[in-house]
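Heads up: the protein sequence lines correspond to chains A and B, in order.
Just so you know, the first sequence maps onto residues 70 to 348 in the numbering used here.
Just so you know, the second sequence maps onto residues 4 to 302 in the numbering used here.
What follows is a set of notes on a single structure, which appears directly below.
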Amino acid sequence: MAQHRTRLVVDFCVRALCLLATLLALLPLVSVLGYVVVRGAGGLSWAFLTELPKPLGEAGGGMANAIQGTLRLVLIAALLAIPAGVLSGVYLAEFKHTRFAKLARFCADVMSGIPSITVGLFVYGLVVTATRHFSALAGGLSLGFLMLPSVARTTEEFVKLVPESLREAALGLGASAWRTTLWVLLRTAAPGIAVGIMLAVARVAGETAPLLFTAFNNRFWSESVNEPTASLPVAIYTYAVSPYDEWHRQAWAAALVLILVVLLLNLSARLVVGRKVRL
Amino acid sequence: MSSRGSNPAHPSSGALPASRSERESTKGRTLHADPNAARVGDEAGASESHAKMRTHALSAYFGAAQVLRSIDLSIAEKRVTAVIGPSGCGKSTFIRCLNRMHEVGPGARAQGHVLLDEQDIYHASVDVVRVRRRVGMVFQKPNPFPTMSIRDNVLAGLKLNGLRVADPSSVVEQALRQVALWDELKDVLSRQGTSLSGGQQQRLCIARCLALEPEVLLMDEPCSSLDPIATARVEELMHALRKNYTIVIVTHNMQQAARVADFTAFFYMGQLVEHDRTDVIFTRPKERRTEDYITGRFG
Ligand SMILES: Nc1ncnc2c1ncn2[C@@H]1O[C@H](COP(=O)(O)OP(=O)(O)OP(=O)(O)O)[C@@H](O)[C@H]1O
Ligand SMILES: [Mg+2]
């Protein structure tokens with residue numbers, strides 16, 4: 070009986086500790102979100118989402134070009150990084166014991182540890198100095214470089230999670246190796262890979278450093294991917310370090326929009342997980 | 004692939020050259036064998052049948068460990084051959100060698116010859132994919148595709164082979180009827196394949212295999228997760244399929260082997276101890292080890 074009591078008490082204490090730890094972990098998240106909402110909500114308006122920035126001194130105006138720019142940069146990055154990342158992830162999983170795969174895996178891990186500003190510098194040297202101008206392409210490329218290792222590694226992990234018995238089922242039915250990979254392995258791993266991609270996208274959407282000297286900035290719409298392009302993170306940075314109160318207000322609003330964009334991407338990732346097929 | 008290109012007389016189903024000697028002359032790689040080697044059951048006199056498959060000095064390895072030791076075994080055409088033996092003796096490995104699934108695992112390799120219609124499926128020029136289409140396999144654990152519906156699971160083999168199906172619905176119905184799943188599942192064909200019970204999943208996997216109409220059907224303990232009723236159905240199915248298919252079944256269940264199999268092979272520690280007509284194996288085995296095993300003295 071006494072033993073039973075002790076067990077209940079210990080159980081309660083451990084539960085309480087876990088709950089406390091969880092609350093502590095949530096605290097920074099909630100406070101950051103809360104603070105940004107409080108400071109940014111005032112600046113949010115339809116005009117903010119749809120208009121260009123006004124010249125200095127005039128009130129109002131928005132950041133439509135930066136929102137468009139961020140979406141455009143992320144799209145370019147995704148187009149570059151997703152096919153390359155998914156394919157190399159499949160390679161890493163399927164030929165996991167080969168020397169080249171080991172080397173590639175090591176490189177991917179090193180690459181995901183490289184500070185993003187270095188990647189920006191690299192693209193600056195590679196593209197911007199060659200073309201002699203900043204562009205969305207250069208910005209997208211540097212974001213793509215940042216996405217690549219994480220897309221490749223998550224794809225690898227999820228393809229490895231597909232049970233061997235499914236590969237055998239497909240091969241046993243006389244499927245060729247590529248059909249097995251495409252229709253069975255990739256299809257089974259797809260929900261997991263999708264989540265990995267969403268998270269990678271969400272992460273690079275908020276990158277500022279590599280954009281400073283690749284996509285640069287623009288106070289107007291950029292007509293093509295060959296021009297300097299505004300983006301939310303760079304706009305936030307520029308506005309936040311300016312001496313004008315109006316700009317500070319807009320920087321907070323832009324931060325809120327950025328968080329909403331990232332949140333939206335995260336939520337859609339969760340949605341995919343919710344529907345995910347059991348392995 | 005190249006074998007078909009260079010040798011138009013490739014004996015695929017239905018296009019067998021008329022005689023044995025002709026078959027051997029068309030293919031230099033055919034093993035020489037005495038005229039009776041391709042006959043199964045000669046010793047016992049009755050139920051003579053042509054050998055659909057034949058292994059010759061077949062050895063299999065996992066890395067350095069040898070798990071099959073020079074197996075010579077003939078598998079009679081349109082008959083059921085049971086493979087029995089204690090756990091770990093190499094039964095699964097053996098039948099996986101028959102459609103070249105053994106080599107799929109890391110470090111696994113096979114040595115020797117496996118003849119399918121007298122053609123060595125381990126010959127360098129043979130297309131593995133084609134071998135596996137002709138020699139279908141039902142695995143020890145049911146493995147339906149989780150991303151696919153029941154219907155798509157049945158059709159998976161055809162789709163994975165890039166084959167166009169003229170009338171998919173009738174293929175699905177026919178395959179599911181064969182495994183006695185049609186009445187249970189005809190209204191829920193769009194449900195996920197993995198949502199079925201273990202026994203239903205296993206029968207679904209058999210249906211998936213049958214939809215491809217292989218020539219040989221390898222079954223690795225197909226009934227180990229089935230209840231007695233479903234087991235009886237699978238046994239009936241095997242009996243019916245025997246008209247058109249060559250079947251090899253691994254089983255731990257002696258009664259099952261006695262019920263369904265025309266021939267029984269007893270494996271022990273990677274070796275083929277005895278292979279004969281089932282009634283002979285169960286009533287007057289030649290080997291002491293066989294007798295000990297079937298009477299339950301070890302294993
Ligand atoms: N992936 C593997 N790696 C190394 N050894 C293996 C592997 N799979 C099986 N073996 C070994 O090969 C031998 C034969 O295994 P196999 O699966 O063919 O046995 P089995 O007769 O089918 O047994 P069971 O009746 O339990 O299914 C066993 O000794 C086993 O330990
Ligand atoms: Mg086995």
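Beta carbons are placed, not taken as given, at the ideal position from N, Cα and C, and that holds for glycine.
Min CB distance F97/B to chain A below 8 Å
In the second sequence, counting from the first residue as 1, residue 97/B sits at position 94. Contacts with chain A at 8 Å (Cβ-Cβ) do not include F97/B.
Less than 6 Å between C-beta atoms, sequence neighbours within five positions excluded: which residues of the same chain meet that for Q203/B?
In the second sequence, the residue the question calls residue 203/B occupies position 200. The answer is none, since no qualifying residue turns up.
Give a yes or no on whether 8 Å exceeds the smallest Cβ distance from R174/A to chain B.
Taking the first residue of the first sequence as 1, we reach residue 174/A at position 105. No, R174/A does not count as interfacial toward chain B.
Test: F65/B CB closer than 8 Å to a CB of chain A
In the second sequence, counting from the first residue as 1, residue 65/B sits at position 62. Cβ-Cβ to chain A under 8 Å: no for F65/B.
In its own chain, which residues sit with a C-beta less than 7 Å from the C-beta of A261/B, not counting the 5 before and 5 after it?
Within the second sequence, the letter at position 258 stands for residue 261/B. Cβ neighbours of A261/B beyond the five flanking positions: T281 and F285.
Is R137/B closer than 8 Å to L119/B when the C-beta atoms are compared?
For the purposes of this step, residue 119/B is taken as residue 116 along the second sequence, with counting starting at 1. For the purposes of this step, residue 137/B is taken as residue 134 along the second sequence, with counting starting at 1. Yes, the pair counts as a contact, with Cβ atoms nearer than the cut-off.
4 or more residues per run - each alpha helix (DSSP H) lying fully within the region 239 to 318 of chain A:
256 to 274, 278 to 281 and 301 to 309
Tell me the residue span of the beta strand (DSSP E) that contains L118/B.
The residue labelled residue 118/B in the question sits at position 115 within the second sequence. Note, L118/B: beta strand (DSSP E), A111 to L119.
With hydrogens ignored, establish whether the beta-carbon of T96/B is closer than 7 Å to any heavy atom of ligand 1.
Working through the second sequence from its first residue, we reach residue 96/B at position 93. Checking the Cβ of T96/B against ligand 1 gives yes.
Cβ pair count under 8 Å reaching 3, the region 197 to 205 of chain A against the region 163 to 174 of chain A
no
Counting beta carbon pairs with one atom in the region 166 to 180 of chain A and one in the region 265 to 274 of chain A, are three or more of them shorter than 8 Å?
Below 8 Å, too few C-beta pairs join the region 265 to 274 of chain A and the region 166 to 180 of chain A to call them touching: fewer than three.
Exposed or buried, which one is N247/B when buried takes at least 16 other CB atoms within 10 Å?
Position 244 of the second sequence holds residue 247/B. Exposed: under 16 other Cβ atoms inside 10 Å.
For W252/A, return the contacting residues in chain B, with the cut-off set at a CB-CB distance below 7 Å.
Start at 1 with the first residue of the first sequence, and residue 252/A comes out as number 183. Ordered by position in chain B, the residues that pass the 7 Å Cβ test against W252/A are L163.
To the nearest angstrom, how far is it from the Cα of R194/B to the Cα of L333/A?
Locating residue 194/B in the second sequence gives position 191, where the first residue counts as 1. Locating residue 333/A in the first sequence gives position 264, where the first residue counts as 1. Straight-line Cα distance between these residues: approximately 30 Å.
Which residues DSSP lists as bridging D279/B, in chain order:
Position 276 of the second sequence holds residue 279/B. Looking at the DSSP assignment, D279/B forms a beta bridge with T267/B.
Is K144/B close to chain A? Criterion is C-beta to C-beta, closer than 8 Å.
Indexing the second sequence from 1 puts residue 144/B at position 141. Answer yes: the Cβ-Cβ gap between K144/B and chain A drops below 8 Å somewhere.
How long is the line joining the alpha carbons of G129/A and L92/A, rounded to whole angstroms?
Here residue 129/A refers to the residue found at position 60 of the first sequence. Here residue 92/A refers to the residue found at position 23 of the first sequence. Answer to the nearest angstrom: the Cα atoms are 39 Å apart.
Counting C-beta neighbours from all protein chains within 10 Å, is the total for L102/A 16 or more, i.e. buried, or is it exposed?
Your numbering for residue 102/A matches position 33 in the first sequence. Exposed.
With L217/A and G261/A assumed to form a contact (beta carbons below 8 Å), what rounded beta-carbon distance in angstroms separates them?
In the first sequence, residue 217/A corresponds to position 148, counting from 1. In the first sequence, residue 261/A corresponds to position 192, counting from 1. Not really, about 18 Å apart at Cβ, beyond 8 Å.
Chain-order list of residues whose beta-carbon lies under 7 Å from that of I74/B (same chain, five-residue window excluded):
Here the question's residue 74/B lines up with position 71 in the second sequence. Taken in chain order, the residues that qualify are T58, L61, F97 and L275.
Would you list, in sequence order, the uninterrupted alpha helix (DSSP H) runs of no fewer than 4 residues that lie entirely inside the region 115 to 201 of chain A?
115 to 119, 133 to 163, 168 to 182 and 185 to 192
For a cutoff of 8 Å on Cβ pairs, would you count A159/B as touching chain A?
By 1-based counting over the second sequence, the position of residue 159/B is 156. Yes, A159/B counts as interfacial toward chain A.
Please find out if some non-hydrogen atom of ligand 1 comes closer than 7 Å to the beta-carbon of F142/B.
Looking up residue 142/B in the second sequence gives position 139. Every heavy atom of ligand 1 is 7 Å or more from the Cβ of F142/B, so no.
Below 7 Å, is the gap between the Cβ of V132/B and the nearest heavy atom of ligand 2?
Working through the second sequence from its first residue, we reach residue 132/B at position 129. False, no ligand heavy atom lies under 7 Å from that Cβ.
Minimum C-alpha distance to A320/A - residue among V105/A, L125/A and R74/A
By 1-based counting over the first sequence, the position of residue 320/A is 251. Selected option, being the one with the closest Cα: V105/A.
Interface residues of chain B around A244/A at Cβ under 7 Å?
The residue labelled residue 244/A in the question sits at position 175 within the first sequence. Within 7 Å Cβ-Cβ: L163 and N164.
Taking Cβ positions only, does T224/A come closer than 8 Å to chain B?
The sequence position of residue 224/A within the first sequence is 155, counting from 1. Not closer than 8 Å to any Cβ of chain B, the Cβ of T224/A fails to qualify, so no.
Go ahead and label P302/A buried or exposed: buried means 16 or more other beta carbons lie within 10 angstroms of its beta carbon, across all protein chains shown.
On the first sequence, position 233 is the one that residue 302/A refers to. P302/A should be labelled buried.
In terms of residue numbering, what span does the beta strand (DSSP E) encompassing K55/B cover?
Translated into the one-based positions of the second sequence, residue 55/B becomes position 52. Residues S52 to F65.
Assuming P279/A and N287/A make a contact with CB atoms under 8 Å, what is their CB distance in whole Å?
For this step, residue 279/A is matched to residue 210 along the first sequence. For this step, residue 287/A is matched to residue 218 along the first sequence. With 8 Å as the limit, P279/A and N287/A do not qualify as a contact, their Cβ atoms being about 16 Å apart.
Separation of V237/B from P147/B, as counted between CA atoms
As a first step, residue 147/B is located in the second sequence; it is residue number 144 there, counting from the start. As a first step, residue 237/B is located in the second sequence; it is residue number 234 there, counting from the start. Cα to Cα, P147/B sits roughly 17 Å from V237/B.
Return yes when the Cβ of S185/A is within less than 8 Å of the Cβ of L215/A, no when it is not.
To locate residue 215/A, count along the first sequence from 1; it is residue 146. To locate residue 185/A, count along the first sequence from 1; it is residue 116. Yes, these two residues count as a Cβ contact at 8 Å.
Strictly by DSSP, which residues pair up with S77/B?
The count along the second sequence starts at 1 and reaches residue 77/B at position 74. Answer is R57/B.
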